[in-house]
Every structure is written in C-alpha cells, then in structure tokens.
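To convert, count from 1 in the sequence shown and add 21; that's UniProt numbering. Yeah, the Cβ is synthetic: ideal placement off N, Cα and C, and Gly gets one too. On a predicted model such as this, the values are computed, not experimentally measured, just so you know. Just below is one structure, and these are the notes that go with it.
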Amino acid sequence: VVFEDSIAASKAVANEIAELIKLKQSKNENCILGLATGSTPKGLYAELVRLHKEEGLSFKNVISFNLDEYYPMEPDSVYSYVRFMNERLFNHVDILPENVHIPDGKLSKEEISAYCNAYEAKIEALGGIDLQVLGIGGNGHIGFNESGSLQNSKTRLVALDHITRVAASKDFGGLDKTPRTAITLGVKKIMEAKRVVLMAWGEGKSNIIKASVEGQVTNQVPASFLQEHRNATFVIDKSASSKL
Ligand code: GLP
Numbered sequence: 022v023v024f025e026d027s028i029a030a031s032k033a034v035a036n037e038i039a040e041l042i043k044l045k046q047s048k049n050e051n052c053i054l055g056l057a058t059g060s061t062p063k064g065l066y067a068e069l070v071r072l073h074k075e076e077g078l079s080f081k082n083v084i085s086f087n088l089d090e091y092y093p094m095e096p097d098s099v100y101s102y103v104r105f106m107n108e109r110l111f112n113h114v115d116i117l118p119e120n121v122h123i124p125d126g127k128l129s130k131e132e133i134s135a136y137c138n139a140y141e142a143k144i145e146a147l148g149g150i151d152l153q154v155l156g157i158g159g160n161g162h163i164g165f166n167e168s169g170s171l172q173n174s175k176t177r178l179v180a181l182d183h184i185t186r187v188a189a190s191k192d193f194g195g196l197d198k199t200p201r202t203a204i205t206l207g208v209k210k211i212m213e214a215k216r217v218v219l220m221a222w223g224e225g226k227s228n229i230i231k232a233s234v235e236g237q238v239t240n241q242v243p244a245s246f247l248q249e250h251r252n253a254t255f256v257i258d259k260s261a262s263s264k265l
C-alpha cells in the first residue's frame, strides 16, 4: 500500500493497531504486538501515544515483544532500544511494565541461548504474535536478521553486517563505538505472526523495497520471505515506491 507520505502511512498503521487492540479488548483477550525500533516507526508510536492521550486508547491488554537489541547493551544507555521504546511509547501509555519484553543486552554470553529460547517460548505460550511491526534495513534485513538469515532461523545472537553498522554509526558517534552484535527475534517467529506490517519511507529504501516485493525470495534479502507470508503488507510512502 502506497501513501502520499510517511505521516499518512503511520496514521493508517496506528489505526489498524488501535482497532486490533480494541477488538481484543471487546473479547477480553490480550493483544500480542511485535514492535520495531529505528527511525521508521517513530511516527507510528507518536500517533499511538496521541490515540491514548486524546482518544482514550488503552494498552492494558497489550503484551509487547520487541524484535531486537544491540549486544552488549546496558538498558539505560542512550543507545539502547529499551530507552528508545520507553521514550517513544511505553512511558506515555498505560501498558503494564510486566507486559513489555525487549531482548536483554546485558546477559552473559553463556546465558544468551537459553534466554532466546525462553523469549520464543513466551511468545508461543501466548498464542503467537497478533501483529508484527517491521522496518527494513538497507540490505533487506528485518529485525537484525541480516542477509543470509534462514527462513526458519531462531531468536539468536547475530553479527551485524558492515552496512548495518555504518548506518547505525551515525547514532553511536562513530563506527568504532558501534556494536558488532545484536540479539534478534528469528525470521521463523516473524513469519508465524498472524499479521505483518512492514513500513519504509524515502528514496533511500526504494531499491531494497523493489528487491523485497518484486525480486526473488532469497535469504540474501530476508524481507523477501514476506512474499510467502499469508497476511503481510508493505506500507510505504511514494518515494519508497518509486522503483516498483
Ligand atoms: C535497525 C533495526 C531494524 C530497522 C532498521 C531500519 O537495524 N534493528 O529493526 O528496521 O534499523 O532502520 P530505520 O528505520 O532507521 O531505517
């Protein structure tokens, strides 16, 4: 779906999420959201905060699982995705703290694999992700599933691609300060989500959007796996659609 601009697109995605939360509320059910970070979902979170403050949208039945976190990473670091999510969304809505899940960047190396298995088990015990929000990396990564990630990959510690680190180095104040690894939800759990909405804005994403939507399904472009998802939509602005 192509929108005139990212503001209109973000509002449409926020409305879909709000309707899902309310539908689940009416059935006394939890709403399991998979959430993303990066610059792309900022407008979405701003609109969800507005819907909470101005239209009374409650997040009390929302259970969230974030896609990824840098490793190692202190949760209170300005660079952490924990901090990002708190500042952009969680501090401003009535989600219960115990319902928020973000991969833990301060585990010891030995703890990571059991932690990742438990992260997935928690999602499974809740019946899976109802709606997964995604951005897309310039190389087609989703979460931090870089090129080469398999369609059945599990939640795990990954090495970040050079191109991903270069993109992130602007935030970290230099490549030498940019983490080399991260913990990411695997492609399998993303593909198992009942609904997936991938957002992308700007000319800079137009080539990878074309490759993901019209190219071959290949693990070189993990977002292309979504062509095989039963209910995935790419919500993009005009400039991101310019090569389609
Ligand atoms: C990071 C995140 C991804 C995100 C991507 C794109 O790598 N881990 O989840 O989709 O960046 O970032 P941006 O939205 O800033 O373009």
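7 Å Cβ shell around residue i - same chain, five flanking residues per side excluded
{"i": "A203", "result": "D89, E90, Y91, Y92, F165, V179 and L181"}
{"i": "S98", "result": "R104"}
{"i": "M212", "result": "Q172, F246 and H250"}
Nearest-angstrom Cα separation, counted from residue j out to residue i
{"i": "I157", "j": "G77", "result": "31 Å"}
{"i": "K143", "j": "D151", "result": "14 Å"}
{"i": "K45", "j": "G169", "result": "36 Å"}
{"i": "L117", "j": "H183", "result": "37 Å"}
{"i": "A188", "j": "G59", "result": "11 Å"}
{"i": "V22", "j": "A33", "result": "10 Å"}
{"i": "E224", "j": "I53", "result": "32 Å"}
{"i": "A244", "j": "H162", "result": "6 Å"}
{"i": "A30", "j": "K226", "result": "15 Å"}
{"i": "R71", "j": "G64", "result": "10 Å"}
{"i": "K48", "j": "L147", "result": "15 Å"}
Nearest to residue i (by Cα), restricted to the options the options
{"i": "L110", "options": "Y66, K32, T61 and I42", "result": "Y66"}
{"i": "N120", "options": "E141, L128, N82 and S129", "result": "N82"}
{"i": "E75", "options": "G64, N51 and H113", "result": "H113"}
{"i": "N252", "options": "M106, V217, V242 and S134", "result": "V217"}
{"i": "S85", "options": "Q237, T239 and I38", "result": "I38"}
{"i": "V242", "options": "G159, I257 and T199", "result": "G159"}
{"i": "G207", "options": "K43, T61 and Y140", "result": "Y140"}
{"i": "S27", "options": "T199, K231 and D258", "result": "D258"}
Beta-carbon proximity list for residue i, same chain, < 6 Å, skipping 5 on both sides
{"i": "A57", "result": "L88, V154, L155 and G156"}
{"i": "G149", "result": "E213"}
{"i": "S101", "result": "M94"}
{"i": "C137", "result": "T176 and R177"}
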